[in-house]
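Residue numbers (UniProt numbering): 1 to 846.
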C-alpha cells in the first residue's frame, strides 16, 4: 500500500472495490504557515475488503468512519489512512488534518507579493497532489461531486471550479458534476479580475444535436501589482476564438458553466486545466517588452487548456497510461485552432520548429519510451511529462488526422465526447470511434506509432541517366520500426530571389522504400530542391540528397514558404546534433540567414540553437575567438523593428560578450526604461565582469550595489527573481561556492531555485563551478526533496558544462550504483547530452 506513490494495480483494486459519491471539504486559510483541512467523504463499498484514503498532512487531528473514531497516532503520509474491514455498505469518513502551505508549486502554494505584502494562494494537483490539501481517493477514475467551504480574510477573493457565495469570512461553492480529484482547484487572496461573456453557437453535425446558442461567463484574474500590465482584451479575444473553434468542431457545448483564468505566481508549468478554473503562470502577464514568440506561446497555452475542458475534464483518462493522449490531444488542438482561428496563422510552423525539436531530442535519448508507455506508478508517470508525451504524441495525432482525413477525425472525436461524457475512457475507446468515423482499420497504426520508440528518417533517392533524366525516384525510410506515413514530397526551384514550390506530391508510404512515379522522366537540372515531409504531415527526421543539401546551405533564407523554410532550419539543426554538420557551419548559417527570417518564433528558436552550437558543440578554442554570431545578434538588436530587436537582444544577453556588445548593454542601462531589458543587460555585464572598471572582490561589491539599485527601481516579484539570477551570475569563486551550497541545502522555493540555478550556470561560469561534487550530493538531493524540486536541482547542477571524458567517467561510475528510478533517468539523460557534445566537438575540430 503506497499512497504517495500509488500504483496502477492499487488504483484498479480501489476503484473495483468502491465508488465515491461526494466530498465535503472545508479549509481554514487564515494561518500563515499551516492551514486546517476538514474532509467528509461519502463512498459506497461494492466489494468487502480493506483499502486506504490518501493524505499528505503534517498532523492528523481526527478520523471518524461512520461516526466511530479511528486511531491517528500511527499516521504516515507514505501509506495514507488505512480503512480496514470494510463491508458492502455506504460509508461516511471524516478527516481533519493540519497541513503546511507549499513553496514548491505542489499542493496549496502560498506566495507573498513584495509589492503589497499580501498572500496569494493557488492549488496545483496534477498528477496526484490533491492529497496535499484534503483527504481523498486521489486517482482519476474515482470522480465525485464536491461541496467546498473556505475560511478566508474578509478582503480576499476566492475562485474555484464553480461560482461562489459568501457569508462573512466563509466562501462556499458547489461542484455538482463528477470531477476527478486532480481537477479540483482553489485560488485565494486579494486577486483582482475583469469579466466578459462568450456567446456562440454549438454547430449542428449530422450525428449531433441541432444547433443552439451557448453563453459562458468569462473571468481573468491576477495580483493587483500586475493589473496594469494585464492585456485582458487580447486574452479574452484569444479565449473566445478558442470557444468558437471548439464549439464548431467538437459538437459538445462547454460543460462547466463559467470559465475563469487566473494568473498565479511561482507556477511550475505553463498552466493547469482545472475545470472552469484554469491556473496560468503569471510570467504570461508581460510587465516588460515581450517577443512575438511570447505572445504566440501564451495563446497556445490558453487554447491548450481550453481544449482540456472537453478532452481531460469532461472525458477523463481511466489511468495515467493515457496521460500522453490527454496532453497530446490538447497540444494538437491548440496548434490547429491557433492556425485556423487566431492571428497566429503560422502556428504549425512554430509547432514544427519548437514542439518537434523537443520531441526529436527526447526520442534520441537512451531513456526514450513509446508514446503509450509504462505508467505502473505515480513516480513513473511524473517522469513522462516530457517531449514524447506532449510533442511526439501531438505530432502523431497530426499524422493520424492526415491519415483518416480531417472531417473523419473530428467526427470520431465528437462520438468520443458524446459516449463518454462525465466519465472515464481510454485510447482504445477513441481509436474505435475514429475507425467508425473513417471506415479504416487503425489497429496496425496504433501498434506502429504508439507502442514503439524512435524516429524514422525519410529521404528521397534519385537515379539519373547520362542525360540527367530521372530514371528512378524513391521515398526511403530508415529506423528500427518502419511505419506507415501519410506524407507530401515538395519540389522547389529558385525563381529570381525566391525559392518556390513547383510541385507537391501527397502519398502514403510503407516499408523501406516507396516509388515516386511523378518524378520519373524529369530533368534533374530542373529540380533545385526536393523536400521529404513537405508541409510537415508526419513525424520524422529528414535526410536530403547531396544536391538539395547544398542548395539549402546556399539558399535557406530565400525559401518563400515559412513551413518549408523552417523544415530546412530544423534539418540543419538535427544534422548538427547528429554530427553530420559541423557546429561552426550551423553557426555561420544562422549568422548569415537570421536577418531574413520572418517567422519570429522560428527566429527566436534558431538563435538559441546557434548559441548552443557555439557554446556546446563547437571546438571551444574556435568558439572562444569567433564573434560572427555575436555580431549578427548585435546587428539584430539594433533593428528598427521593436519585435525583432527584443528577440536578438534576448539572445545577445545569453552569449559571450565582445567589445561592441558590452558597449551596447552599457548604453542600454543608461537609456532604457524597460525593466526586463535592463535586468538582461545588467546580468550579462555582471557575468562578464564588465559592469565597472574594477576586478575581484570590488567587482562583486559593485555588482551587489547595482542589483540593489535596480531592485529599488523594480521592486516586484519579477524584479526580485531577476535580482537573484543577477547576483548568482557574479563570476567569483566565492560567490559560485555560496550559491552552489545554498542550492544543495534544499531550502529554496521553486522559483528562487530556478533563478539561482540560471545565474549560477550563466555564460562564463564554467571554470568556477565545483563540477565533480555533483556526484557526491545528487542522491541526497533526490531523497530529501519533492519530485519537482529534486528534478529541477539534479538537472540544473549536473556538470553539463564540463565537457570531457572525465565527467563522462564520473557519470558512468555514478550510474553503476543502486539508484532511485527517477534519479537514474535524469542523470542518464544528462550524461547522454554530455556525450553528444563531446562527439560533436570532435567533429567540429575535424
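Glycine included, each C-beta is placed from N, C-alpha and C at the ideal position.
Per DSSP, the continuous beta strand (DSSP E) segment holding residue 541 begins and ends at 541-543. Beta-bridge annotation (DSSP): residue 433 is not paired with any residue. Under the DSSP assignment, residue 577 falls in the alpha helix (DSSP H) whose first and last residues are 562-578.
With fewer than 16 other beta carbons inside 10 angstroms of its own, residue 745 counts as exposed.
Nearest neighbour of residue 684 by Cα position, chosen from 551, 722, 708 and 364, turns out to be 722. Across the set 267, 285 and 200, the C-alpha of 285 shows the shortest separation from the C-alpha of residue 233. When 478, 528 and 443 are compared, the shortest CA-CA separation from residue 496 is found for 528.
For the region 131-186, the full-length beta strand (DSSP E) segments reaching 3 residues or more read 144-151, 157-160, 164-167 and 170-179 along the chain.
Assigned with DSSP and collapsed to three states, residue 69 falls in strand.
Note that the C-beta distance between residue 500 and residue 560 is below 9 Å.
Residue 686 sits in a helix when the DSSP states are folded into three classes.
Taken in chain order, the unbroken stretches of alpha helix (DSSP H) that lie wholly in the region 284-357 and span 4 residues or more are 292-308, 323-341 and 347-353. In the structure shown, the three-state DSSP call for residue 658 is coil. Secondary structure note for residue 475: its beta strand (DSSP E) is the uninterrupted segment 470-478. Remark: C-beta atoms of residue 95 and residue 39 approach each other more closely than 9 Å. The Cβ atoms of residue 475 and residue 460 lie closer than 9 Å to each other. The alpha carbon of residue 653 has as its nearest neighbour, out of 763, 742, 566 and 274, the alpha carbon of 763.
Annotation: the region 728-800 contains the following complete segments of the alpha helix (DSSP H) (minimum length 4 residues), in chain order: 733-745, 750-760, 774-784 and 787-797. Here residue 444 is exposed: its Cβ has fewer than 16 other Cβ atoms, across all protein chains shown, within 10 Å.
For residue 582, there is no enclosing alpha helix (DSSP H), as DSSP marks it with neither H nor E.
According to DSSP, residue 93 shares a beta bridge with 41 and 65. If you draw a 10 Å sphere on the C-beta of residue 839, you find fewer than 16 other C-beta atoms in it, and that means exposed. Here residue 455 carries a coil assignment [DSSP, helix/strand/coil].
Per DSSP, the unbroken alpha helix (DSSP H) holding residue 246 starts and ends at 232-250. The Cβ-Cβ distance between residue 180 and residue 142 falls below 9 Å. DSSP places residue 445 inside the alpha helix (DSSP H), whose first and last residues are 443-450. Annotation for residue 629: the continuous alpha helix (DSSP H) segment containing it runs 628-637.
Distance from the CA of residue 371 to the CA of residue 151, rounded to the nearest whole angstrom, comes to 43 Å. According to the DSSP secondary-structure assignment, residue 393 is paired through a beta bridge with no residue. Here the alpha carbons of residue 347 and residue 338 stand approximately 6 Å from one another. When DSSP states are grouped into helix, strand and coil, residue 606 belongs to the helix group. 462 is the residue among 462, 674, 265 and 81 whose C-alpha sits nearest the C-alpha of residue 517. The shortest C-alpha to C-alpha distance from residue 634 to any of 395, 252, 472 and 646 is the one to 646.
In the three-state reduction of the DSSP assignment, residue 818 falls in the coil class. Cβ neighbours of residue 464 within its own chain (closer than 7 Å, five residues either side excluded): 470, 471 and 524. A direct Cα-to-Cα measurement between residue 127 and residue 381 gives close to 8 Å.
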